[in-house]
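Contents: one structure, followed by commentary.
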Amino acid sequence: MIRIIIFLFIVNFTWAQDDWVGTWHGKLSIQGQELRVTLHLSLEKGLWKGVLDSPDQGAFGIPATIVEVKKDKLIFEVQNIGVQFIGEKKESEIQGEFKQGGMSLPMTLSRKEASVEKQKRPQEPIPPYTYDQEEVSFKNGEATLSGTLTLPKGEGLFPAVVLVSGSGPQDRNEEILGHKPFLVIADYLTSNGIAVLRYDDRGTAKSSGASFMDGTSKDFMEDASSALDFLITHPRINKEKVSVCGHSEGAMLAVMLAARRNDLASIILLSGPGIKGDSLLLLQQKLIGESEGMTAKQLKQLNTFNRRLYSGMLQSKDIVACRVFVKNEFRKYAKKLSKKEINQYGSKEKFVEISVNAYVTPWMLYFFAYDPTVDLAKVSCKVLALNGEKDLQVPSKENLGAIERNVVNATGKNQYIYLPNLNHLFQETNTGKISEYGQLEQTISPVVLKLLNDWIIAL
Numbered sequence: 234m235i236r237i238i239i240f241l242f243i244v245n246f247t248w249a250q251d252d253w254v255g256t257w258h259g260k261l262s263i264q265g266q267e268l269r270v271t272l273h274l275s276l277e278k279g280l281w282k283g284v285l286d287s288p289d290q291g292a293f294g295i296p297a298t299i300v301e302v303k304k305d306k307l308i309f310e311v312q313n314i315g316v317q318f319i320g321e322k323k324e325s326e327i328q329g330e331f332k333q334g335g336m337s338l339p340m341t342l343s344r345k346e347a348s349v350e351k352q353k354r355p356q357e358p359i360p361p362y363t364y365d366q367e368e369v370s371f372k373n374g375e376a377t378l379s380g381t382l383t384l385p386k387g388e389g390l391f392p393a394v395v396l397v398s399g400s401g402p403q404d405r406n407e408e409i410l411g412h413k414p415f416l417v418i419a420d421y422l423t424s425n426g427i428a429v430l431r432y433d434d435r436g437t438a439k440s441s442g443a444s445f446m447d448g449t450s451k452d453f454m455e456d457a458s459s460a461l462d463f464l465i466t467h468p469r470i471n472k473e474k475v476s477v478c479g480h481s482e483g484a485m486l487a488v489m490l491a492a493r494r495n496d497l498a499s500i501i502l503l504s505g506p507g508i509k510g511d512s513l514l515l516l517q518q519k520l521i522g523e524s525e526g527m528t529a530k531q532l533k534q535l536n537t538f539n540r541r542l543y544s545g546m547l548q549s550k551d552i553v554a555c556r557v558f559v560k561n562e563f564r565k566y567a568k569k570l571s572k573k574e575i576n577q578y579g580s581k582e583k584f585v586e587i588s589v590n591a592y593v594t595p596w597m598l599y600f601f602a603y604d605p606t607v608d609l610a611k612v613s614c615k616v617l618a619l620n621g622e623k624d625l626q627v628p629s630k631e632n633l634g635a636i637e638r639n640v641v642n643a644t645g646k647n648q649y650i651y652l653p654n655l656n657h658l659f660q661e662t663n664t665g666k667i668s669e670y671g672q673l674e675q676t677i678s679p680v681v682l683k684l685l686n687d688w689i690i691a692l
């Protein structure tokens, strides 16, 4: 999934302190959609602190790294997702450029709350609901995870499912570009007699106690396991009919979970990876590059560089050595960049720094090395795997085929379904381009909703 543009930072400066304290509002135009950002600044014991929220994506307070103020200029970066913003204070505004991965967008912050045009999302349910809804929380070590449990009317016992989101910090609705896929899924399933638990990722929205950016897929799998423990012990849930449904990386977490537990009725894999992480990213980059008009020569050069980069990262003895290797590779790569490309980052040194911090993270190193085929072979419960034909992020042919080959349980009832004209979010589309996600009114295909419902009811 697309990672959320949001972070926390610490600043150290002395110029016109009172002018910077408080809340600043702005918005970004991304992929045809407007996203609000809200920046809160406060001064604590001589150090500036702040939180940047992304209300339209339901995400708040994700940590950043570097923030500086020099005279009337503000510089902040979120190194682990390659974000940089440089703004200049002009009267009552901060005007500047937001940069990420070679993309540069204008952004202006002011004291006035930003407004965006309401997007058409016809599938999003509107209260009052026809079912019960409980705000819940559960713990995994120091992390306290908050979520919503929707339950059909009546005493139960009900079949149930835990929804597990994809990569990047996600709220309980897995909100992205104005869409709330998990809200739509939960509403549909619960209206048809199935209980659904969805939750905010650690350190995101109302979940607290741990930083999402410091975690790996193993940590997130353990969070999902805690959600499963909570659901199984609920008095209105049929513990013999509990499933885990994950999307993208969340599907990978469902596989990891099913390989370690024997109390699941089934796992449901929505765009789930079936091949090793480094191989998956190489395929993803090729398909996305093609969709964005890269030439065959450019794609070959990118593939050659990334293969060498990923191989060296996997062979590094520790994260320090990995960082040194990656820095050297991107220094060599930077020599080939055009002046225009360099200007998008500010300098070659800044390009290298942003690239290293985006790649060398605990999450990325774990993901590169993880091979789902090992855990797929250990899954003993029933499996439903769905992939969209137009998926550019988790290519359907390679991943759905690998899942089917490597699940060796003898249930005889597993299903592996290839769905024409659906993208990574399971929206109906002609191209599958990421830029279309927010432009499409449909949040998730009704065909997928029915497949999920029929599968769980039949367990």
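The working numbering puts the first residue of the sequence shown at 234, with every later residue one more than the last.
Virtual Cβ for every residue (Gly too), placed ideally from N, Cα, C.
From what residue to what residue does the beta strand (DSSP E) around D365 run?
365-373
Simplified DSSP state of G255, which is helix, strand or coil
strand
Is V429 closer than 7 Å to D394 when the C-beta atoms are compared?
The residue you asked about is not Asp; residue 394 is Val in the sequence shown. Yes, Cβ-Cβ distance for V394 and V429 is below 7 Å.
From the DSSP output, which residues share a beta bridge with K557?
Here residue 557 is Val; the residue named in the question, Lys, does not match the sequence. Per DSSP, V557 has no beta bridge partner at all.
Endpoints, the beta strand (DSSP E) within which R493 is located
Unbroken run through R493 is the alpha helix (DSSP H), 482-493; no beta strand (DSSP E).
Shortest alpha-carbon distance to T606 belongs to which of V627, S504, R638?
When C-alpha distances from T606 are compared across V627, S504, R638, the shortest belongs to R638.
Give the secondary structure of P392 by DSSP, where H, G and I count as helix, E and B as strand, and everything else as coil.
strand
Under 7 Å Cβ to Cβ from L464, same chain only, skipping five residues before and after it: list those, please.
A393, V395, L430, I470, V475
Please report the Cβ distance between T676 and P414, rounded to the nearest whole angstrom; I am assuming they are in contact, meaning their Cβ atoms lie under 8 Å.
6 Å
Can you tell me whether D687 is buried or exposed? The criterion is at least 16 other CB atoms within 10 Å of its CB, across all chains shown.
So D687 ends up on the exposed side.
Taking only the alpha-carbon atoms, compute the straight-line gap between K666 and L520 and give it to the nearest angstrom.
9 Å
Are the CB atoms of F558 and V585 nearer to each other than 7 Å?
no
Secondary structure at E669, three-state DSSP: helix, strand or coil?
helix
Quick one: give me the first and last residue of the alpha helix (DSSP H) that E578 is part of.
The displayed chain sequence assigns Tyr, not Glu, to residue 578. Looking at the DSSP string, the run of the alpha helix (DSSP H) that includes Y578 is 572-578.
Y649: which of K260, N642, L619 sits nearest, CA to CA?
L619
Quick one: give me the first and last residue of the beta strand (DSSP E) that A376 is part of.
376-384
Kindly indicate which three-state DSSP category F227 falls into: helix, strand or coil?
This structure does not reach residue 227, given that the chain is present from 234 up to 692, and the question cannot be answered.
Would you identify the three-state DSSP class for A691, choosing helix, strand or coil?
coil
First and last residue of the uninterrupted beta strand (DSSP E) at N620
Per DSSP, N620 belongs to the beta strand (DSSP E) from 615-621.
T449, DSSP secondary structure in three states:
coil
Can we say the segment 564-582 touches the segment 545-552, given the rule of at least three CB pairs closer than 8 Å?
Verdict: no, contact absent.
Residues bridged to L694 (per DSSP)
One cannot answer for residue 694 here, as it falls past the ends of the chain, which runs 234 to 692.
For the beta strand (DSSP E) containing R354, list its first residue and its last residue.
R354 -> no beta strand (DSSP E), and no H or E assigned at all.
Simplified DSSP assignment, three categories, for G501:
The sequence shown places Ile at residue 501, rather than the Gly named in the question. DSSP, reduced to helix, strand and coil, places I501 within a strand of the structure shown.
Distance between K683 and L532 (C-alpha atoms, nearest Å):
Their Cα atoms are separated by approximately 38 Å.
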